[in-house]
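I have placed the structure first, in the form of structure tokens, so that the comments after it can refer back to it.
In this note's numbering, the protein residues as written are 821 to 972.
Next comes the structure, spelled out in structure tokens:
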């Protein structure tokens with residue numbers, strides 16, 4: 821059985837912290853689908869197509885990584901793409917508490933899908949998409965926290 825992982829998120833924008841998780845996860849799975857989910861409780865700064873294009877450009881030479889967008893339950897999307905793992909990155913204990921609850925509910929809803937957590941490397945702990953969005957909105961320099969392909 822192929823080891824297919826879904827790495828879900830809004831990626832608004834994708835950050836170097838996301839890349840840290842993905843680069844370390846690539847050897848662990850046969851395929852990783854970066855799933856750009858529509859979260860009705862979040863308003864995005866960048867259009868979906870732009871976020872998709874950035875990710876496609878970043879991973880254009882990595883055949884085991886692809887990007888797709890989806891709506892609805894993450895476990896339903898996992899079934900659609902035959903993913904048996906949900907990959908999540910953790911920066912701190914707050915992330916863990918939040919992600920643990922989601923993982924446990926996902927396990928109740930779909931028992932065959934396992935959640936895999938990777939801690940980011942320490943230098944990425946303070947970086948989040950929301951902090952980067954705040955920098956961008958307020959004229960700060962977000963470049964050090966973004967992959968070079970992310971131009972805004």
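Using N, Cα and C, we set each Cβ at its ideal position, and we do this for glycine too.
Tell me residue 937's beta-bridge partners as DSSP assigns them.
Along the chain shown, one-based indexing puts residue 937 at 117. Note: residue 937 is bridge-paired with 908 in the DSSP secondary-structure output.
When DSSP labels each residue in this structure, what does residue 942 get in the three-state scheme?
Residue mapping note: residue 942 aligns to position 122 of the chain shown, counting from 1. Helix.
Residue 856 to residue 925, Cα distance in whole Å?
Residue numbering aside, residue 856 sits at position 36 when the chain shown is read from its first letter. Residue numbering aside, residue 925 sits at position 105 when the chain shown is read from its first letter. Roughly 20 Å separates the two Cα atoms.
When DSSP labels each residue in this structure, what does residue 843 get in the three-state scheme?
Residue numbering aside, residue 843 sits at position 23 when the chain shown is read from its first letter. Three-state DSSP puts residue 843 in a helix.
For the beta strand (DSSP E) that contains residue 890, what are its first and last residues?
Within the chain shown, residue 890 is the residue found at index 70, counting from 1. From DSSP, the beta strand (DSSP E) with residue 890 extends over 885-890.
Can you tell me whether residue 946 is buried or exposed? The criterion is at least 16 other CB atoms within 10 Å of its CB, across all chains shown.
Counting from one through the chain shown, the residue named residue 946 turns up at place 126. So residue 946 ends up on the exposed side.
On the three-pair Cβ rule with 8 Å, is the segment 821-835 touching the segment 854-872?
These segments touch.
Reducing DSSP to helix, strand and coil, say where residue 827 ends up.
By one-based count along the chain shown, residue 827 stands at place 7. Per DSSP, reduced to three states, the secondary structure at residue 827 is strand.
Between the CA atoms of residue 954 and residue 942 - distance to the nearest angstrom
By one-based count along the chain shown, residue 942 stands at place 122. By one-based count along the chain shown, residue 954 stands at place 134. Taking the straight line from one Cα to the other gives about 21 Å.
Where residue 871 falls, given that 16 or more other Cβ within 10 Å makes a residue buried:
Start at 1 with the first residue of the chain shown, and residue 871 comes out as number 51. Buried is the call here.
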